[in-house]
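Asks: Got a structure for you, questions after.
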Amino acid sequence: MTKTEQPHVTMSANQKLVLFSASSGFGLENMDVLFLSFTLSSIIATMHVSPGAAGMIGTITNWGMLLGGIIFGMLGDRLGRVKVFTHTIFVFALATALMSIATNIYWIYLFRLLAGIGAGGEYGIGITLIAEAFPNRNLGKLSSIAAIGGQIGAVAAAILAALVIPHFGWHALYLFGLLPIALVFLVRRHLKESPTFLAEKRNQTMSPLTAIQRYMFADGKTTWTTIGLMIMTTVQIAGYFGLMNWLPTIVQKQSHLNVAGSSLWMLATIGGMSVGMLTFGTFLDWLGPRLAFGIFLLASAALVYSIALAHSTGLLLIIGAVIGFFSNGMYGGYGAVVSQLYPTAVRSSANNIIVGVGRAVGGMSSLVIGLLMEHFNLIVVMLFLSVLYLISFVTMLTLPGLKRHH
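Quick note on the numbering used here: the sequence shown kicks off at 607 and runs consecutively.
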């Protein structure tokens, strides 16, 4: 059996560095983005802003991610993955740190827009670095391992918030946004552009915008593939934000269980998500995208109803972990699928634009669920989420590129 045929290929030093850099980038980006969750109530209290004005902070961050995804995605395809990857990290790190000197809501809007621009650019380039360093047949598992880095970032944000905010105030927490700059120096010093990209760059004849038009929207088939993947990532993000932001509140209201903000709840859910990501990544490489997504989307659609069964803290933690397993287990898989469907010339743009649209549109689900909870009962909220997963499932079945077992 040759080395390329072995199911478990030994990673080279460069491959290990690529995986470490992308995972660390996702973790530090998620940490910076999640600082907002832990400081929002303090921002509302100290700056005397309305909940609506505070809610705009997250929306502006998501729109910044879409804008950054488009700009840095094109730059990554034109100038190089490594160089642009480090610029994106620098932008979100600096913008996060600037939050420590914000004196009113308008400065916060500006700094979060900039942080979103950097974070939105970083995702697709990190995934592209992995896609070009490893063979396709391992991509599901490896992109999922990198996505777990994001969950570690969430835990880091929670720990830092608990240690810093009570003693030094919410402004001080954002100074830790400078931590990712250390990663910039590591990546710049040791990471090299992939031979795949260098070969593409030598033959590059079209502008990034022309490449996007040619490879993402050339005809009916490619346009629907792009739009269909945007619908799927929108559902992915909508389910994640909807469930994670509202699940503790929903259960508290229903069963009078005090779990909102508890570290136990967060650990159980993140644990479920991380195991789900590893499982989904393995399924994706083994069964192909159609079966892997099919299993997880249908399970997500069915399992959201299990929230109604949570009448004890223990059961709630189990349900949170199981829903996290299926609903967020798929997240790493989108990068793998997009990287396999789109050529080198447009790979970082495709990853960033597709996920950027998902974040910008899907990120509004917290608002929609909040409105549904005001006017309807729990079953209507669950039905809304269940229908979203079924829409994603039907969309997935219509995407021609997912028929192939990569």
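Every residue, glycine too, gets a C-beta built ideally from N, C-alpha and C.
In this text the structure is predicted, and so the values were computed from the model without any measurement.
What residues in its chain sit with their C-beta under 8 Å from that of Leu915, if we drop five residues either side in the sequence?
Replies: Leu921 and Ile925
Asks: Would you list, in sequence order, the uninterrupted alpha helix (DSSP H) runs of no fewer than 4 residues that lie entirely inside the region 928-998?
Replies: 937-947, 953-968 and 971-981
Asks: Check each candidate in Ser912, Thr1001, Tyr940 and Ser955 and name the one with the smallest Cα separation from Leu984.
Replies: For Leu984, the closest of Ser912, Thr1001, Tyr940 and Ser955 by C-alpha to C-alpha distance is Ser912.
Asks: Using three-state DSSP, classify Glu728 as helix, strand or coil.
Replies: helix
Asks: Answer yes or no: do Gly730 and Phe632 have a C-beta to C-beta separation smaller than 8 Å?
Replies: no
Asks: Which class does Glu738 belong to by DSSP, given the choice of helix, strand or coil?
Replies: The answer is coil: DSSP assigns Glu738 none of H, G, I, E or B.
Asks: Val624 to His981, Cα distance in whole Å?
Replies: 48 Å
Asks: Since Ile818 is in the alpha helix (DSSP H), which residue starts that stretch and which ends it?
Replies: Here the alpha helix (DSSP H) through Ile818 covers Pro814 to Met822.
Asks: Let me know if Ile960 comes out buried or exposed under the rule of 16 or more other beta-carbons within 10 Å of its beta-carbon.
Replies: buried
Asks: Distance check for Leu989 and Val974, CA to CA, integer angstroms please.
Replies: Going by the C-alpha atoms only, they are around 13 Å apart.
Asks: What span of residues does the alpha helix (DSSP H) with His693 cover, start to end?
Replies: Arg687 to Leu704
Asks: Output the boundary residues of the alpha helix (DSSP H) element that contains Asn620.
Replies: Ala619 to Met653
Asks: Would you call the region 726-741 and the region 699-713 in contact, with 3 or more CB pairs under 8 Å?
Replies: no
Asks: Can we say the region 962-979 touches the region 809-829, given the rule of at least three CB pairs closer than 8 Å?
Replies: no
Asks: Thinking just about the alpha-carbon of each residue, which of Asn958, Leu890, Ala956 and Ala905 is nearest to the one in Gly939?
Replies: Leu890
Asks: Would you tell me roughly how many angstroms separate the C-alpha atoms of Leu748 and Val993, rounded to the nearest one?
Replies: 30 Å
Asks: Which residue from Ile837, Thr616, Ala844 and Thr888 puts its Cα closest to that of Val987?
Replies: Selection Ile837, Thr616, Ala844 and Thr888 evaluated against Val987 yields Ala844 as nearest (Cα-Cα).
Asks: According to DSSP, is Lys807 helix, strand or coil?
Replies: helix
Asks: Going by the beta-carbon positions, is the gap between Asn957 and Val944 smaller than 8 Å?
Replies: yes
Asks: Taking Phe641 as the reference, give the member of Asn620, Ser630 and Thr667 with the closest Cα.
Replies: Thr667
Asks: Quick check: what's the CA-CA separation for Leu716 versus Met970?
Replies: 19 Å
Asks: For Ala908, which three-state DSSP category applies?
Replies: helix
Asks: Can you tell which of Phe696, Leu789 and Thr1001 has its C-alpha closest to the C-alpha of Ser629?
Replies: Leu789
Asks: Would you decide whether Pro895 is buried or exposed? Buried here means 16 or more other CB atoms lie within 10 Å of its CB.
Replies: With a 10 Å radius around the Cβ and a threshold of 16 neighbouring Cβ atoms, Pro895 comes out buried.
Asks: Please report the distance separating the alpha-carbon of Thr652 from that of Lys827.
Replies: 51 Å
Asks: Quick check on Ala908: buried or exposed, where buried means 16 or more other Cβ atoms within 10 Å of its Cβ?
Replies: exposed
Asks: Helix, strand or coil for Leu785, going by three-state DSSP, please let me know.
Replies: In the structure shown, Leu785 adopts coil according to DSSP, grouped into three states.
Asks: Please return the same chain residues whose Cβ sits closer than 8 Å to the Cβ of Met662, not counting the five positions on each side in sequence.
Replies: Tyr715
Asks: Start and end of the alpha helix (DSSP H) containing Leu914?
Replies: It is worth fixing the name first, because residue 914 is Ala in this sequence and not Leu. Premise fails: Ala914 is in no alpha helix (DSSP H) and is neither H nor E.
Asks: Between the alpha carbons of Ala805 and Ser998, how many angstroms are there, rounded?
Replies: 36 Å
Asks: In the DSSP assignment, find the alpha helix (DSSP H) that holds Gly746 and state where it starts and stops.
Replies: Note, Gly746: alpha helix (DSSP H), Leu745 to Phe774.
Asks: Would you identify the three-state DSSP class for Lys798, choosing helix, strand or coil?
Replies: coil
Asks: If you draw a straight line from the C-alpha of Gln842 to the C-alpha of Ala817, how long is it?
Replies: 27 Å
Asks: With H, G and I counted as helix, E and B as strand and the rest as coil, what does DSSP make of Asn710?
Replies: coil
Asks: So for Ser656, helix, strand or coil by DSSP?
Replies: coil
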